[in-house]
Amino acid sequence: MPPSVKLYLKYGLPVVAKIPPYPKYFNLQVRGWKTGQYIVLDHPTEADHKLARVIPDGRCSIRYVSEGMAITFSSITLATLKRPMEIYVIEYPKTVANEISLKKYRPTKTAVSTLVTIDNRLEKGMIWDITYAGLQFSTNKSLSLEQTVSFDFEFFTGQKFTGIRAKVKNKRVELKSIEFPYLYGCEFIDLPYEKKKMIQNFLEYCFKQWDKIRREEQSNLSGTAPDEKDTVFY
Numbered sequence: 031m032p033p034s035v036k037l038y039l040k041y042g043l044p045v046v047a048k049i050p051p052y053p054k055y056f057n058l059q060v061r062g063w064k065t066g067q068y069i070v071l072d073h074p075t076e077a078d079h080k081l082a083r084v085i086p087d088g089r090c091s092i093r094y095v096s097e098g099m100a101i102t103f104s105s106i107t108l109a110t111l112k113r114p115m116e117i118y119v120i121e122y123p124k125t126v127a128n129e130i131s132l133k134k135y136r137p138t139k140t141a142v143s144t145l146v147t148i149d150n151r152l153e154k155g156m157i158w159d160i161t162y163a164g165l166q167f168s169t170n171k172s173l174s175l176e177q178t179v180s181f182d183f184e185f186f187t188g189q190k191f192t193g194i195r196a197k198v199k200n201k202r203v204e205l206k207s208i209e210f211p212y213l214y215g216c217e218f219i220d221l222p223y224e225k226k227k228m229i230q231n232f233l234e235y236c237f238k239q240w241d242k243i244r245r246e247e248q249s250n251l252s253g254t255a256p257d258e259k260d261t262v263f264y
C-alpha cells in the first residue's frame, strides 16, 4: 500500500469546503481524522443555521493553510451524522491537487516602516516585501554586500519585531526615490523560532486574504456572489 499523503492536519484547523450542488463555500473545522482513511469535519450549515443537504458519495473540494503549506484536495462524502454531534465525514485523499509551500512562495508585499541599525546607528527605512528567508528594504544609506544590519518593525497585524539581524545579499539604486534611494535584499541571520512562527502566521494571513479576494472575484464573474452569513473564506 502506498504511503498516505501528508496533509498537515490539526484539530480545529479552519478549512474552506466546496460541496456541490451548493455554489457557495462553507467554513468548517477539522474535528478528527485517521490517516489514510477518513477526515471528520463540522457539518456544513446554511444561512438559517439549518444543516446543509449533503449528497451521499458526493464529491467535495477542500482548501486550507497549515504549517506554511497551502493545500487543496478533492474527496468524497463517507457519512454525515446529526446526533450526538453534527459532523461531516469525508475520505482521506490519496493525492493532493495543489500544494504550495509559502516558504518558497513569492515575496509578500508589506510597505512597513522600520528602524535599521547600521554600524550602531539607527536609520529610517522601509520594508517592501518579506519571505521566510529574508526581506527587501530601502534606506538612504549606502551599504556593502555581506554587511550585517538589524531591524525593528511592526506588521499591520500587530506582530512586533526587534533586533532582527540580516545580511545584505544584493543591492541597487532607485534614483526615482529621493527619501530612500538604496534598495537591498537581505537574508535573515539566526532568526529565533518564535520570530519564524510570527512571520509564518503573517504570510499565511496574507495568503488567505489574497485567496479570499480571488474567490470573491470568481464568484462575481460567475454571478454567484457569496453570502457572508454562511460563507467565510478564512
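Note that the working numbering numbers the sequence shown so that position 188 is 218, with each residue one more than the last.
Cβ coordinates follow ideal geometry from the N, Cα and C atoms, glycine included.
Coarse secondary structure for Phe237, derived from DSSP in three states: helix
Alpha carbon of Ser180 to alpha carbon of Met156, nearest angstrom: 13 angstroms
Environment of Glu234 [buried if 16+ CB atoms lie within 10 Å]: buried
Buried versus exposed call for Val203 [16 or more other C-beta atoms within 10 Å across all chains shown]: exposed
For Leu175, the nearest candidate out of Thr161, Asn200 and Ala196 (CA to CA): Asn200
Other residues of its chain near Pro137: CB distance less than 6 angstroms, five sequence neighbours each side excluded: Asp159 and Thr161
Cβ-Cβ distance between Leu108 and Val126 below 8 angstroms: no
Contacts around Val95, its chain only, beta-carbon distance under 7 angstroms, and the 5 residues preceding and following it disregarded: Glu234, Phe237 and Lys238
Rounded C-alpha distance that separates Gly98 from Tyr212: 31 angstroms
Start-to-end residues for the beta strand (DSSP E) that takes in Phe181: Thr178 to Glu184
Inter-residue spacing [alpha-carbon to alpha-carbon] between Phe56 and Ala47: 5 angstroms
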